[in-house]
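All remarks here apply to the structure that follows.
Protein chains in written order, with the numbering used here: chain A, 21 to 393; chain B, 1352 to 1992.
Set out below in structure tokens:
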């Protein structure tokens, strides 16, 4: 019996997805090495990758339904961590943000990264019941509450970038839970109308401060905006990306933008620029394709999920990953303002790679159980 | 899907999300294409620009030598320790005072003064902490780069000029190019070896005239820097090409002799210039008082140096002023020589009958202008020998203003000599316009004005060099050379990317020719010979065996009878030798001392002795060898003090 289960598990295990995730992470580690060859970030990332792989397998071979069942416990524990990280002495303050908890002997971790998993599970658990009708307002409000509590705590750190990445989780879950289409369309229409209007009103009345306007100007015209001040990160990132050309400069032997410290935060926020500089357009397109295949694989898994809960878990993960990729790469390419969001599987950081691995582990676990019911 | 139902068309909604994912990735891909493939070259260049810096390696400036190869000016490398304002932002000056004054041995009060001054300066200006840093200072700075990153070492080639102001007006000096100069076409449009802000250029004298020869071509270090401008590695080094060495026409020993004469004169003011009348080469050019050009090349960057320079600028005795080309003086009786030559040429007098009455003076209207003596009706040689004013009053009247103006024009006395020094002035010479301007209350030109103009007063104001140029042409029979100081700019061979630079000579060697018939010429030369050798007014210039010919001049500075004290007459002497085959011609002016024969003539004699000692040692008096040896020793020491 055990053997039969094992062999079926082995056959149904999504090897391609696993390998793709590991391959992107290995590529990421290589880029971290390029970004900071003299530091130990890439070694730490390699260790993180090893740990993450084990955790990913562990999650994959665990029945996700059991985990969803006890999701409230995870959620509560996550909230507890988000509270204690705010306490000086436990939470470490880095660059003005108190979002790290130091663990003696292990380094430090970021509760806001991990909190995404329980949030996704809680949302899936709540919205995963059989649906016979359109989404009711009460349900939407409940979803809002599940999201608002961790996001509120994260905003206290404050880490707006990380908080932002929570919204697509709810958006996807609501979208797939029979929210009325006119609500979606209305929301889109209101947004496209309100944002420019707010900009005009804000700049006219002075509610949007000059330095905030400057950040937007940087995106509109990075070369002529304040290249030494607000525009510095964006401009240097664009130069670094552009410099990579078609095939990248890794083989040309001249010192890289990150090595000469022109590119800030090269191993975390701007890891994509490092990859662009070193591997060029070819490498970047391959990376984007890898993400496309990875996300497509996940969506396929969601389509075959044994239940709504599993489908929602995977799709929320897809939404979260796609959103982070867009924000991070868009920032590196000068399309979006600088927001500190890690690039999934690429940016250095144990918390980020571990939480992404757990998420992918869930997806594999759900797929493994597609015929069970 | 088992959980799908009619109300939610879930499949389509998942398709929308899938489509959004692809759309997002496609947008990023398109943006990447534009950044990397379309504009990759542009951004590559931008990255290159911020990573690569060219650091200038200043080229050594050419040295300057005298005609016999004695070193007059050279450059040596010195190091200054400067404070970068960029790295000082937001730091407290006062914290630096202690460590800096201790580490570099700078007086803390002086340091505080400089730091205070810095706060008033524009932000881009550097502050020099210490000039002429030695190797211990450099090592100290090197060792403290981490704590004191604002300290920088700047190599500065420094020009060394002879001590005691020797040749100051000839050599000039170097200094930093000014923002105004950078806008002038002369500097802005010189693409071959571009001038740049902060460049050291010749500001005066030969340094200025021949700046393009003297300046080398700067090399550079191509280095890679990080975002904070710290050098990461050397990429390429291109060695500079030194500038061309100049060999001047100056004979250092004659120059020192001339300066010694002026230094020992009663007022220590005047000019002595000697040229070779066979080609216009200037052998000595002394103008007193003089100044120390090292002030401008070495000390001008310090507050003390600036104070010193301001004092020089305000000095009423104008030591910065090259009197030979910028001083306009009435030439007194030296004017009579071109008058005599032109009088003969124009037929006012003839070789056969050159007698004109002296009359002890001349009566024009109700004004009598007297002569110093009563000379009867002398011929021209005698009139020159005794400097008879009455003779030349009447000669001037015979020639008329037009004749005098023709003479002035023929001898180029109304033009610049073209000497290769900057800022030469044009002499003032007699003309109706000049009188109208000079004396607007009585603008009409009258006979009395012609009388004044004919003996070198009132309407004649010449620069010593213009006068010497005319006298030199009279000495050599009519060849009006351009007096000049450049013998050659030595060639420089090709170095790296810099092409070889060829030898250069003076670019206007051909003289203007004045037709002076031989017998007329002989007559005037004989008169000048008699001035020195036959009991004339210039006996003090006589050298046994070296036929010196000359003419004294005593120029009134103010009206007669007031010529005492600081208003005393200027003492002139023009001369050349040997009289019938001249090798040397000269002019000497000693300001406000009195009679020409008493001061300028003996000064000229001393300078000629220095020439004779070298060129004709057999003529030198017995005592001369020892003296010459002493002079030689002095001369050799001059550039190396």
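Heads up, the beta-carbon is just placed ideally off N, CA and C, and yes, glycines get one too.
Original post:
Which value, in whole angstroms, describes the spacing of the CA atoms of residue 1810(B) and residue 1690(B)?
Top reply: Residue mapping note: residue 1810(B) aligns to position 459 of the second chain, counting from 1. Residue mapping note: residue 1690(B) aligns to position 339 of the second chain, counting from 1. The straight-line gap from Cα to Cα measures roughly 14 Å.
Original post:
Does the beta carbon of residue 1365(B) sit closer than 8 Å to a beta carbon anywhere in chain A?
Top reply: Position 14 of the second chain, counted from the first residue, corresponds to residue 1365(B). Among the residues facing chain A, residue 1365(B) is included, as its CB has a counterpart in that chain under 8 Å away.
**OP:** Name the one or two DSSP bridge partners that residue 1632(B) has.
**Re:** Locating residue 1632(B) in the second chain gives position 281, counting from the first residue. Beta bridge pairing from DSSP links residue 1632(B) with 1627(B) and 1835(B).
Original post:
Of all the CB atoms in chain A, is at least one closer than 8 Å to the CB of residue 1580(B)?
Top reply: One-based indexing of the second chain puts residue 1580(B) at position 229. With 8 Å as the cut-off, residue 1580(B) does not count as an interface residue toward chain A.
**OP:** Alpha carbon to alpha carbon, how far is residue 1409(B) from residue 1828(B)? Give it in angstroms, no decimals.
**Re:** Along the second chain, read from residue 1 onward, the residue named residue 1828(B) stands at position 477. Along the second chain, read from residue 1 onward, the residue named residue 1409(B) stands at position 58. So the alpha carbons of these two residues sit roughly 48 Å apart.
Subject >> 8 Å Cβ cutoff met for residue 1510(B) and residue 1412(B) >> reply: As a working mapping, residue 1510(B) is identified with position 159 in the second chain. As a working mapping, residue 1412(B) is identified with position 61 in the second chain. In contact: residue 1510(B) and residue 1412(B) (Cβ atoms closer than 8 Å).
**OP:** Out of 1566(B), 1366(B) and 1466(B), point me to the one whose CA is closest to residue 1425(B)'s CA.
**Re:** Taking the second chain and counting its residues from 1, the one referred to as residue 1425(B) is at position 74. Answer by Cα proximity: 1566(B).
Original post:
From the beta carbon of residue 321(A), is the nearest beta carbon of chain B less than 8 Å away?
Top reply: For the purposes of this step, residue 321(A) is taken as residue 301 along the first chain, with counting starting at 1. At a cut-off of 8 Å, the C-beta of residue 321(A) has no neighbouring C-beta in chain B.
Original post:
Can you tell which of 1557(B), 1362(B) and 1546(B) has its C-alpha closest to the C-alpha of residue 1838(B)?
Top reply: Position 487 of the second chain, counted from the start, is the residue given in the question as residue 1838(B). Ranked by how close their Cα comes to the Cα of residue 1838(B), the residues 1557(B), 1362(B) and 1546(B) have 1557(B) in first place.
**OP:** Count the other C-beta atoms from every protein chain shown that fall within 10 angstroms of the C-beta of residue 224(A), then say buried if there are 16 or more, exposed otherwise.
**Re:** The residue labelled residue 224(A) in the question sits at position 204 within the first chain. A residue is called buried once 16 or more other Cβ atoms fall within 10 Å of its Cβ, and residue 224(A), having fewer, is exposed.
Original post:
If you measure beta-carbon to beta-carbon, which residues of the segment 304-317 of chain A are closer than 9 Å to chain B?
Top reply: Per Cβ criterion, the list reads 304, 305, 308, 309, 311, 312, 315 and 316.
Subject >> Candidates 1919(B), 1370(B), 1951(B) and 1802(B), of which the one nearest residue 1722(B) by Cα >> reply: Sequence index remark: in the second chain, residue 1722(B) carries index 371 (1-based). Nearest to residue 1722(B) by alpha-carbon distance, out of 1919(B), 1370(B), 1951(B) and 1802(B), is 1802(B).
Original post:
Is there at least one non-hydrogen atom of the ligand ADP closer than 7 Å to the beta-carbon of residue 1752(B)?
Top reply: The ligand content of the structure shown is nil, which means the ligand ADP is not present either.
**OP:** With DSSP as the reference, label residue 1575(B) as helix, strand or coil.
**Re:** On the second chain, residue 1575(B) is found 224 positions in, with the first residue counted as 1. DSSP places residue 1575(B) in strand when its eight states are reduced to three.
**OP:** Use the C-beta contact count for residue 1494(B): other C-beta atoms within 10 angstroms, 16 or more gives buried, fewer gives exposed.
**Re:** Within the second chain, numbered from 1, the residue matching residue 1494(B) stands at position 143. By the 10 Å Cβ count, residue 1494(B) comes out exposed.
Original post:
Among 1938(B), 1930(B) and 1932(B), which residue has its Cα nearest to the Cα of residue 1924(B)?
Top reply: Here residue 1924(B) refers to the residue found at position 573 of the second chain. That would be 1938(B), whose Cα lies nearest to the Cα of residue 1924(B).
Original post:
Where residue 1699(B) and residue 1746(B) are concerned, what is the direct C-alpha to C-alpha distance, given to the nearest angstrom?
Top reply: In the second chain, counting from the first residue as 1, residue 1699(B) sits at position 348. In the second chain, counting from the first residue as 1, residue 1746(B) sits at position 395. Their backbone Cα atoms lie some 7 Å apart in a straight line.
**OP:** Compare the Cα-Cα distances from residue 1483(B) to each of 1501(B), 1507(B) and 1497(B) and report the closest residue.
**Re:** On the second chain, residue 1483(B) is found 132 positions in, with the first residue counted as 1. Distances from the CA of residue 1483(B) to each of 1501(B), 1507(B) and 1497(B) were compared; the closest alpha carbon is that of 1507(B).
Original post:
In chain order, what residues of the same chain have a beta carbon less than 8 Å from the beta carbon of residue 1891(B), not counting five sequence neighbours either side?
Top reply: Stepping through the second chain from its first residue, residue 1891(B) is reached at position 540. If the five residues before and after residue 1891(B) are omitted, its C-beta is found closer than 8 Å to the C-beta atoms of 1948, 1949, 1952, 1953 and 1956, all from its own chain and listed in chain order.
Original post:
Just to confirm, are residue 1815(B) and residue 1901(B) a CB contact at a threshold of 8 Å?
Top reply: Reading the second chain from its first residue, position 464 is the one you call residue 1815(B). Reading the second chain from its first residue, position 550 is the one you call residue 1901(B). No, the pair does not count as a contact, with Cβ atoms beyond the cut-off.
**OP:** Identify which residue in 107(A), 135(A) and 136(A) has its Cα closest to the Cα of residue 122(A).
**Re:** For the purposes of this step, residue 122(A) is identified with residue 102 of the first chain, where counting begins at 1. Nearest option by C-alpha distance: 107(A).
Original post:
With DSSP run on the structure shown, which of helix, strand or coil describes residue 1921(B)?
Top reply: Here residue 1921(B) is taken as the residue at index 570 of the second chain, counted from 1. Shown here, residue 1921(B) sits in a strand according to DSSP, grouped into three states.
**OP:** Establish whether the CB of residue 1376(B) and some CB of chain A are separated by less than 8 Å.
**Re:** To locate residue 1376(B), count along the second chain from 1; it is residue 25. Closer than 8 Å to some Cβ of chain A, the Cβ of residue 1376(B) qualifies, so yes.
Subject >> Touching by the beta-carbon criterion (3+ pairs, under 8 Å), the segment 1728-1738 of chain B and the segment 1769-1784 of chain B >> reply: Flag = no, the segment 1728-1738 of chain B and the segment 1769-1784 of chain B do not touch.
Original post:
Using a Cβ cut-off of 9 Å, which residues of the segment 372-392 of chain A contact any Cβ in chain B, in chain order?
Top reply: Taking 9 Å as the Cβ-Cβ cut-off, the segment 372-392 of chain A has no residue approaching chain B.
**OP:** Please confirm if residue 1833(B) has its CB atom under 8 Å from at least one CB of chain A.
**Re:** As a position in the second chain, residue 1833(B) is number 482, starting the count at 1. The C-beta of residue 1833(B) comes no closer than 8 Å to any C-beta of chain A.
Subject >> Start-end ranges of the alpha helix (DSSP H) lying completely within the segment 1735-1785 of chain B, minimum 4 residues >> reply: The segment 1735-1785 of chain B contains, as complete alpha helix (DSSP H) runs of 4+ residues, the segments 1740-1761 (chain order).
**OP:** Leaving aside the five residues before and after residue 1974(B) along the sequence, list all residues of the same chain whose C-beta is less than 8 Å from its C-beta, in chain order.
**Re:** Taking the first residue of the second chain as 1, we reach residue 1974(B) at position 623. Reliability of the predicted coordinates at residue 1974(B) is poor, the pLDDT of 49 falling under 50, and the value obtained from them is presented with this limitation in mind. Listed in chain order, the non-local C-beta contacts of residue 1974(B) below 8 Å within the same chain number zero, local neighbours out to five positions each way being set aside.
**OP:** Please compile the residues from chain B whose C-beta is within a distance smaller than 7 Å of the C-beta of residue 342(A).
**Re:** As a first step, residue 342(A) is located in the first chain; it is residue number 322 there, counting from the start. 1372 and 1375, listed in chain order.
**OP:** Pick helix, strand or coil for residue 1480(B), following the three-state DSSP scheme.
**Re:** Residue 1480(B) sits at position 129 when you count from the first residue of the second chain. Secondary structure at residue 1480(B): strand, using DSSP grouped into helix, strand and coil.
Original post:
With DSSP run on the structure shown, which of helix, strand or coil describes residue 161(A)?
Top reply: Within the first chain, numbered from 1, the residue matching residue 161(A) stands at position 141. Of the three classes helix, strand and coil, the one that applies to residue 161(A) here is helix, per DSSP.
**OP:** Assess, as a yes-or-no matter, whether the segment 320-335 of chain A is touched by the segment 65-83 of chain A under the definition of 3 or more beta carbon pairs within less than 8 Å.
**Re:** By the Cβ test, the segment 65-83 of chain A is not in contact with the segment 320-335 of chain A, since fewer than three Cβ pairs between them sit closer than 8 Å.
**OP:** Classify residue 344(A) as helix, strand or coil using the three-state DSSP reduction.
**Re:** Within the first chain, the letter at position 324 stands for residue 344(A). Reduced to three states, the DSSP call for residue 344(A) is helix.
Original post:
Do the segment 1579-1589 of chain B and the segment 1777-1794 of chain B meet, that is, are 3 or more Cβ pairs less than 8 Å apart?
Top reply: These segments do not touch.
**OP:** Helix, strand or coil for residue 1990(B), going by three-state DSSP, please let me know.
**Re:** Here residue 1990(B) is taken as the residue at index 639 of the second chain, counted from 1. Residue placement at residue 1990(B) is flagged as unreliable, the pLDDT there being 43, under the threshold of 50; the coordinate-derived value follows with that caveat. DSSP places residue 1990(B) in helix when its eight states are reduced to three.
Subject >> Bridge partner(s) assigned by DSSP for residue 1508(B) >> reply: For the purposes of this step, residue 1508(B) is identified with residue 157 of the second chain, where counting begins at 1. Answer is 1428(B), bridged to residue 1508(B).
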